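Residue numbers (our numbering), protein chains in the order written: chain E, 2 to 402; chain B, 2 to 402; chain Z, 2 to 402; chain C, 2 to 402; chain W, 2 to 402. Cβ atoms here follow ideal geometry from the backbone N, Cα and C, with glycine treated the same way. Just so you know, these numbers come straight off a predicted model, no measurement behind them. The block underneath contains the structure these notes are about, expressed in structure tokens.
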Amino acid sequence: MTTASSPSPEPTTAPAAEQEPLVEAPLTGISDRAATQQAREQQVGQRPGTLTIREGSLPPRLFLISYSAHFFAEQEYHSYEELWAYYQAHPDLKHWLDVRGYNNLALMQRLMQDFGIHPLHMEDVLGDYQRAKVDVFDDNRLFLVSRMTDFTAQLEIDDDQLSLVTGSNFVVSFQDDYDDCLDSVRNRLRSGFTMIRHKSPIYLAYALTDVVLDHYYPTMAAIGDYIEILEDRIFNGRPNRRLLSRILQMKKDIVRFRRLVYPEREKIAEILRLPENVVPEETKVFFKDCYDHAIQAMDLAESYRESISSLMDLYLSDQSNRMNEVMKVLTIISSIFIPLSFVVGLYGMNFQRENPDGTINHLNMPELYEPWGYPALLGLLALIVAGQLIYFYRKGWLTNR
Amino acid sequence: MTTASSPSPEPTTAPAAEQEPLVEAPLTGISDRAATQQAREQQVGQRPGTLTIREGSLPPRLFLISYSAHFFAEQEYHSYEELWAYYQAHPDLKHWLDVRGYNNLALMQRLMQDFGIHPLHMEDVLGDYQRAKVDVFDDNRLFLVSRMTDFTAQLEIDDDQLSLVTGSNFVVSFQDDYDDCLDSVRNRLRSGFTMIRHKSPIYLAYALTDVVLDHYYPTMAAIGDYIEILEDRIFNGRPNRRLLSRILQMKKDIVRFRRLVYPEREKIAEILRLPENVVPEETKVFFKDCYDHAIQAMDLAESYRESISSLMDLYLSDQSNRMNEVMKVLTIISSIFIPLSFVVGLYGMNFQRENPDGTINHLNMPELYEPWGYPALLGLLALIVAGQLIYFYRKGWLTNR
Amino acid sequence: MTTASSPSPEPTTAPAAEQEPLVEAPLTGISDRAATQQAREQQVGQRPGTLTIREGSLPPRLFLISYSAHFFAEQEYHSYEELWAYYQAHPDLKHWLDVRGYNNLALMQRLMQDFGIHPLHMEDVLGDYQRAKVDVFDDNRLFLVSRMTDFTAQLEIDDDQLSLVTGSNFVVSFQDDYDDCLDSVRNRLRSGFTMIRHKSPIYLAYALTDVVLDHYYPTMAAIGDYIEILEDRIFNGRPNRRLLSRILQMKKDIVRFRRLVYPEREKIAEILRLPENVVPEETKVFFKDCYDHAIQAMDLAESYRESISSLMDLYLSDQSNRMNEVMKVLTIISSIFIPLSFVVGLYGMNFQRENPDGTINHLNMPELYEPWGYPALLGLLALIVAGQLIYFYRKGWLTNR
Amino acid sequence: MTTASSPSPEPTTAPAAEQEPLVEAPLTGISDRAATQQAREQQVGQRPGTLTIREGSLPPRLFLISYSAHFFAEQEYHSYEELWAYYQAHPDLKHWLDVRGYNNLALMQRLMQDFGIHPLHMEDVLGDYQRAKVDVFDDNRLFLVSRMTDFTAQLEIDDDQLSLVTGSNFVVSFQDDYDDCLDSVRNRLRSGFTMIRHKSPIYLAYALTDVVLDHYYPTMAAIGDYIEILEDRIFNGRPNRRLLSRILQMKKDIVRFRRLVYPEREKIAEILRLPENVVPEETKVFFKDCYDHAIQAMDLAESYRESISSLMDLYLSDQSNRMNEVMKVLTIISSIFIPLSFVVGLYGMNFQRENPDGTINHLNMPELYEPWGYPALLGLLALIVAGQLIYFYRKGWLTNR
Amino acid sequence: MTTASSPSPEPTTAPAAEQEPLVEAPLTGISDRAATQQAREQQVGQRPGTLTIREGSLPPRLFLISYSAHFFAEQEYHSYEELWAYYQAHPDLKHWLDVRGYNNLALMQRLMQDFGIHPLHMEDVLGDYQRAKVDVFDDNRLFLVSRMTDFTAQLEIDDDQLSLVTGSNFVVSFQDDYDDCLDSVRNRLRSGFTMIRHKSPIYLAYALTDVVLDHYYPTMAAIGDYIEILEDRIFNGRPNRRLLSRILQMKKDIVRFRRLVYPEREKIAEILRLPENVVPEETKVFFKDCYDHAIQAMDLAESYRESISSLMDLYLSDQSNRMNEVMKVLTIISSIFIPLSFVVGLYGMNFQRENPDGTINHLNMPELYEPWGYPALLGLLALIVAGQLIYFYRKGWLTNR
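This is the structure in structure tokens:
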């Protein structure tokens with residue numbers, strides 16, 4: 002899990018800049034090693050709700066954004082007590098507590114208690130491998146998991162988990178990364194002119210979910226760009242195993258992407274079915290928009306899958322074509338020279354013109370003794386070659402590949 | 002997004018005229034570059050409902066058709082104020098406001114307010130990449146998206162978005178193109194003898210949706226024509242990579258077409274499920290007819306997909322056949338001449354007939370000293386050749402390909 | 002759309018008689034040209050319910066069968082007025098109006114009005130390309146479309162549309178063909194001993210639907226027969242492109258058949274869900290029987306599809322096998338004779354036995370001067386050949402193919 | 002339809018004994034000829050409920066088992082009248098009328114009337130090709146169809162139809178075979194200690210359905226055994242067309258089996274949904290057990306399908322491997338001897354050492370006159386061979402296959 | 002069914018240690034022999050609920066854990082009577098009766114009666130081949146089947162059945178193995194600090210189900226590890242049949258795993274739909290967590306399936322590549338030396354320079370008599386070789402593979 006893409010305003014340019022090393026980049030494998038990693042890290046036989054900090058987790062940083070229609074405050078707290086005091090002192094504000102990094106078990110347990118998070122949900126947060134999902138708890142609170150994607154310079158899809166817990170006047174977000182793709186939401190909060198400041202925390206949860214979903218598009222665009230590069234390589238270069246590995250790796254990425262997007266769609270469909278008291282109708286309009294985006298992302302992934310499959314077909318046909326070409330060279334050269342060799346071998350035989358009695362045997366290779374023998378033979382050979390060349394030309398073996 | 006097909010009355014002839022340059026036309030790629038383009042243009046992290054004009058959008062032109070059972074007026078307005086005034090002054094008429102081109106943000110915002118369009122819908126209009134869908138808003142108004150297809154001279158499916166917003170006495174249509182395929186509806190309005198003048202705006206929305214769907218058939222017919230040309234090429238020509246690329250490109254087009262038609266069917270199915278107060282039963286009869294057409298278009302696409310897959314099989318088998326043919330030529334020529342070369346090489350050996358003591362060694366290659374040696378050898382060679390030819394003939398290698 | 006099979010009592014024999022020209026019959030293409038034809042004929046942008054007569058439609062012939070439990074009359078009318086008068090005069094009878102051929106627009110419009118047919122349904126009738134479907138209109142009347150199949154001598158599936166409109170005391174059937182497969186129903190009506198004379202028109206509609214469905218079986222049997230012929234050809238003959246084309250053509254036919262049968266099943270399932278007042282329970286028992294038949298036809302089509310796929314696998318493996326065989330011949334002959342050629346070439350070298358000083362150089366090719374040189378060499382060559390033959394025999398290259 | 006497996010107590014041993022002739026058994030085809038047969042025998046255009054005896058149907062034999070908790074009688078009746086009289090005389094007993102063979106139309110019609118069987122059901126009985134299904138009639142009576150499978154010595158799945166009609170105090174079973182797999186139920190009835198004697202006829206119907214389903218397992222086990230034999234053949238033998246045909250035939254069998262089992266599962270699921278008055282809850286518990294078995298049989302079939310697909314992959318890869326091997330032999334031998342032939346050919350040239358003026362031309366092939374020429378050449382040849390052998394060894398062409 | 006993995010605390014390390022012998026381990030087959038074994042052992046035609054002990058079943062051992070919030074006792078009983086007495090004497094405690102091994106029919110029947118187990122369920126327990134399922138009986142008791150997986154050193158998935166029967170104050174678990182993966186639950190019970198001691202037996206059933214599901218992850222991780230090893234082998238080694246067999250075997254394992262997990266998911270979904278009185282809402286929260294895990298396991302299996310399919314593609318392409326390479330070597334060597342052989346053969350011809358009359362024939366092979374003939378020829382040969390090498394180099398045949 003590397004550091005995710007910086008929240009740059011033009012996210013599509015980053016992958017574009019990484020296009021060059023495409024075929025030269027080290028191969029990271031065509032099997033889904035992230036899946037195996039996930040299986041390996043799964044805790045076995047634990048009490049449900051047991052909190053465990055994954056190895057390599059970052060020390061937590063706490064950011065609190067407090068806002069109302071007319072107020073905005075944003076601060077990183079180094080002491081949780083201070084943060085909690087501030088939160089307690091402002092029940093009238095809405096709060097977004099942004100937790101980045103999990104490596105403090107005591108803090109995590111404290112957060113769980115203070116914000117009323119279910120232990121099973123907290124386990125999902127820390128496990129970091131939960132598919133996108135939504136759970137309703139305490140009648141009208143939501144636990145939402147999204148997966149943020151990023152297309153790395155190693156041509157792999159890197160995904161990080163964003164977990165959201167909503168409450169009556171707060172949203173707690175969890176991610177095990179200091180950089181994220183949520184800055185556009187922060188900026189909208191800061192700017193103060195947007196709906197987001199007037200609406201309930203569930204709208205903030207929507208906005209965060211939406212921005213994660215929006216980031217699927219640059220990932221897909223990057224994959225699409227690489228597919229086009231692969232297509233160019235196939236058209237211009239020779240088929241080789243590295244190219245095939247790249248194609249298969251890209252296929253893995255697309256399959257992985259689909260596995261990320263599909264539950265996202267399911268999640269939003271489930272949100273749309275939630276009762277009015279959990280997600281109000283006016284917010285559902287926005288989630289419906291999300292839903293359209295998720296379906297469109299699935300469409301894109303399907304489309305890429307078809308492209309990869311076509312590239313595979315083209316690659317394999319090319320491989321077969323090259324064999325054909327090799328065989329044609331062999332056939333043309335052999336077909337021309339093997340008969341010629343026979344003919345010249347014929348006249349290399351040592352049949353004797355003189356019989357033992359000294360008389361001349363006119364049956365034994367008289368051609369060798371004709372004055373025009375050699376030129377005639379050369380002419381014959383030229384005729385043979387010409388005939389074969391015409392035959393091969395007519396078959397199209399000399400011109401088209 | 003090129004200029005769409007002119008609203009000619011015989012749309013199927015245009016693709017027919019483009020058949021000739023089929024294989025010579027520049028390849029436009031077998032991966033779905035339009036999908037990548039779409040992903041790349043997706044706005045990331047914006048406030049929902051933010052209006053952005055896509056690059057390359059056309060300056061808007063406004064056409065207003067106002068009609069009732071006994072009245073018809075049609076005019077292009079260069080000033081929106083005039084148009085609005087006319088619309089305001091005639092609440093008793095039904096109006097079709099036809100907006101072509103989006104490149105005026107202020108105007109778009111004005112339209113949004115005046116005609117009560119939801120910002121998320123307006124965003125979908127301007128984004129120009131929305132799948133076919135229907136949304137109900139304000140209890141009984143519809144927001145409809147259709148995608149108009151066109152099969153270009155580059156053998157690509159070009160699709161444009163048609164967005165419709167209905168109101169109690171109007172329909173607003175949006176498209177980012179000056180030419181479209183809606184003239185048949187305009188003519189029906191002009192003619193005055195049709196139901197369309199007597200019915201509510203929702204019927205006009207139906208008529209526009211229907212005409213877009215009808216235009217899928219010429220697109221499909223053009224694809225079908227090209228598939229037949231490809232089939233002929235495979236049967237008559239030699240397999241080559243360009244032909245394979247064409248096949249794969251056509252496959253991409255069909256997949257793309259399916260991706261366009263499928264949501265269209267879903268959309269109409271959803272319309273058929275809408276309550277009576279949104280879409281009256283008498284109009285649903287017509288949408289049911291649309292639904293049959295959409296299913297038929299899906300059937301066609303499936304059928305073409307099967308055809309393409311069969312062409313692929315045929316192509317690959319041909320490629321293998323050609324290798325077979327090359328190998329047979331090599332095998333026949335080698336099998337005939339390599340043994341002959343051995344025989345003549347045999348009699349080119351220099352085993353000495355004379356022993357060192359001058360006596361004659363009758364064991365060493367006596368054939369060379371026979372008067373009938375050479376003719377006998379030629380006969381032997383002819384026999385070998387004949388035997389092999391018979392063998393190869395029986396195997397069918399000389400006749401069938 | 003050729004003339005359909007005559008209503009012969011043994012429909013399975015016709016295809017059987019056509020088996021011989023199987024591989025010699027002209028290839029009619031492996032892509033679905035009928036589908037493209039359909040797309041091409043689709044009317045674009047017309048007012049819904051516009052009636053258009055398709056090119057090549059036949060002049061209509063009108064047959065009226067009037068019956069009750071104790072009465073039967075059957076007549077072809079050349080004047081519609083007479084027919085209408087007769088129908089009007091006998092409201093107590095049940096009538097089957099059998100319209101064959103559509104090429105009279107005025108008559109079609111008259112029928113539409115007199116028998117209360119919805120314009121959209123009439124459009125479906127004349128369009129002749131509607132999938133099987135059922136529509137309920139006027140509360141309890143049915144519009145039914147079936148597709149009659151026929152397997153032609155060109156090894157293609159030909160399908161014709163049968164449209165039925167039911168009323169309180171009549172059924173109107175439409176088909177654009179003078180011959181059809183409905184004679185068995187007519188005979189049952191004529192015979193007078195069957196339920197059909199006692200039951201309501203909806204039962205007649207069932208009987209007509211059922212007989213169409215029953216005719217799917219001879220079509221399937223004919224396809225099955227051809228698949229067996231193809232299988233025999235593959236087992237006994239050599240793979241060639243014509244055979245592959247036949248396989249792919251048969252695959253197209255099966256896919257086409259499935260596309261015809263699947264909506265038939267959907268149609269009947271929908272009939273079974275209709276309320277009691279539209280289709281009475283006692284008639285549904287019979288439609289349930291139809292449903293079983295439709296599912297069985299789908300099963301058959303699936304089974305044939307698997308068979309074709311297995312034949313493809315076998316064909317492709319054979320193609321590969323033949324290449325293998327060619328390569329083995331080449332390898333065996335080359336492997337045997339190329340070494341031999343080397344050996345005899347060796348003894349064709351001109352190394353001099355005599356040194357310049359006239360002494361004998363016993364190192365230079367002394368074999369050539371041995372009295373047993375030549376026989377020994379021949380023995381060596383025979384040994385080499387024997388060794389290789391044993392090697393190839395052990396590898397099984399000489400025996401199994 | 003051959004005579005089914007005898008009701009031996011160890012049904013799995015029969016297929017095991019037939020394993021040996023596997024590859025030698027005559028090929029019965031890789032397309033589904035039984036399906037075509039079925040299509041061919043379908044009656045076309047008949048009045049529904051018309052009873053027709055299939056060709057080859059057996060003369061009927063009638064067996065009646067009458068039982069109650071404390072009574073048991075079993076007899077074959079040669080006169081139906083006697084049977085009917087006995088049945089009439091014992092309304093207090095439960096009866097199982099076991100009809101084997103249909104070839105007596107009058108008897109069949111009599112049975113239909115006496116036991117109140119619906120004509121459409123009777124048609125299904127005699128047609129002998131009905132998929133597994135359940136119909137409820139007369140409010141609470143069941144018509145059940147099961148298909149009994151058997152794996153024949155010809156490696157084909159043979160299936161026979163068992164039709165059951167339940168009544169208040171009887172079950173009538175129909176099958177067109179004298180031997181069947183129902184003896185275990187008969188024995189349970191005879192033994193008298195089981196529930197079956199105490200329960201209603203519907204429980205008997207369950208018991209018969211269950212025993213048919215149980216017999217799917219030996220069929221599957223036999224197929225599984227053959228798949229293992231095929232796997233061994235592929236691993237140990239050479240790929241040949243007969244083996245491929247076997248694989249494809251086995252695939253057909255599995256597909257056929259799935260087509261038999263799938264409706265069985267549907268049937269039982271439908272039984273489980275029937276109301277209490279038709280199938281009482283206490284019997285449903287047993288049908289639920291059947292349902293688990295049907296699902297498990299489907300699982301097995303899926304598993305075998307995967308196995309066959311893997312065997313195909315292995316076979317095709319082997320075929321390719323063998324080509325590779327052939328090519329390697331050719332390449333090694335050609336690569337070694339063709340250069341050698343060139344070298345010895347070189348020293349077979351006749352360039353003259355003596356100039357016309359009698360002087361010696363030291364440029365023309367001086368090697369031929371060196372005393373060490375020949376041994377040096379032999380050394381060179383040996384070096385070339387050694388070099389190539391090392392090259393090929395390093396490439397692994399000499400060792401691994 | 003071998004002895005399952007010991008209940009070691011670090012289950013993922015065991016497979017890791019077995020990685021080395023991967024390719025050397027004996028092949029256990031690519032077809033699913035366990036499925037055939039299952040089909041073969043199926044009892045045919047038995048009375049439902051007949052209890053049969055499978056061959057190889059272990060002698061039963063009985064463990065009883067009795068607990069409440071404040072009490073814990075654990076003991077192995079060698080006499081069932083003692084156990085039963087203890088159980089009877091403590092109705093206030095909750096009991097987990099852990100039965101390992103079934104080989105005592107009388108005991109099994111006793112257990113069935115004492116704990117009110119349904120005979121059909123007991124049959125499922127002893128059959129040991131039941132898919133995961135849940136049945137509700139006696140209104141609110143559950144019969145649960147889970148399948149415990151283990152990845153063996155033979156690279157096979159071994160699965161054992163765990164059957165659970167719940168009652169008001171007990172859970173009976175059945176397994177035919179002395180070692181299991183349930184120790185973590187036992188430890189949680191022993192430790193006394195967990196919820197499990199306070200909750201109802203249904204929670205214990207959940208905990209046991211959950212721990213089985215958790216053990217799917219190490220199995221999957223082991224499969225994933227092997228896939229990575231296979232990937233490395235393909236990249237570094239040569240394609241050979243053993244590698245292909247491994248790939249196909251791994252595919253079989255994954256398919257088998259999916260067949261195990263899928264019903265597990267269905268089972269838990271069914272539990273979540275059970276009414277409150279059977280599974281209380283507070284326990285369902287935990288089962289929902291299970292459900293997420295089951296879906297994730299399915300995802301993993303899908304991902305591995307894709308990986309295996311990519312490895313197959315890579316393998317087959319490699320196989321084709323190697324053929325290509327072989328052909329290139331043959332073509333290069335043949336193309337270079339066959340023409341050379343012709344040239345030197347040409348100058349090995351015996352055309353006579355001297356005419357019969359003693360004059361010199363300057364037409365017959367004058368090159369042989371030129372002083373520079375031989376060096377010029379050598380130069381020509383070198384030129385030919387150089388030309389060809391350049392040609393092949395340009396084609397890339399000399400460098401890239």
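Chain-order list of residues whose beta-carbon lies under 6 angstroms from that of residue i (same chain, five-residue window excluded)
i         : result
Z/Gly-211 : Here residue 211 of chain Z is Asp; the residue named in the question, Gly, does not match the sequence. For Z/Asp-211, where only same-chain residues beyond five positions count, the Cβ hits under 6 angstroms are Cys-291.
7 angstroms Cβ shell around residue i - same chain, five flanking residues per side excluded
i         : result
Z/Phe-152 : Pro-16, Ile-158, Thr-220, Ala-223, Ile-224
C/Ile-269 : Phe-288, Cys-291, Tyr-292, Ala-295
W/Leu-275 : Val-137
W/Gln-43  : none
8 angstroms Cβ cutoff met for residue i and residue j
i         : j         : result
Z/Asn-325 : C/Tyr-375 : no
B/Leu-209 : B/Ile-197 : no
Three-state class that DSSP yields for residue i in the structure shown
i         : result
Z/Arg-234 : helix
C/Tyr-204 : helix
Z/Leu-384 : helix
W/Leu-301 : helix
Per-residue burial, residue i [other beta carbons within 10 Å of its own, 16 or more giving buried]
i         : result
Z/Asp-358 : exposed
Neighbourhood of residue i by C-beta, 8 angstroms cutoff - its chain only, sequence neighbours within 5 removed
i         : result
B/Val-262 : Tyr-217, Ala-295, Ala-298, Met-299, Ala-302
Near the ligand COA: residue i beta-carbon under 7 angstroms from a heavy atom
i         : result
W/Arg-234 : The ligand content of the structure shown is nil, which means the ligand COA is not present either.
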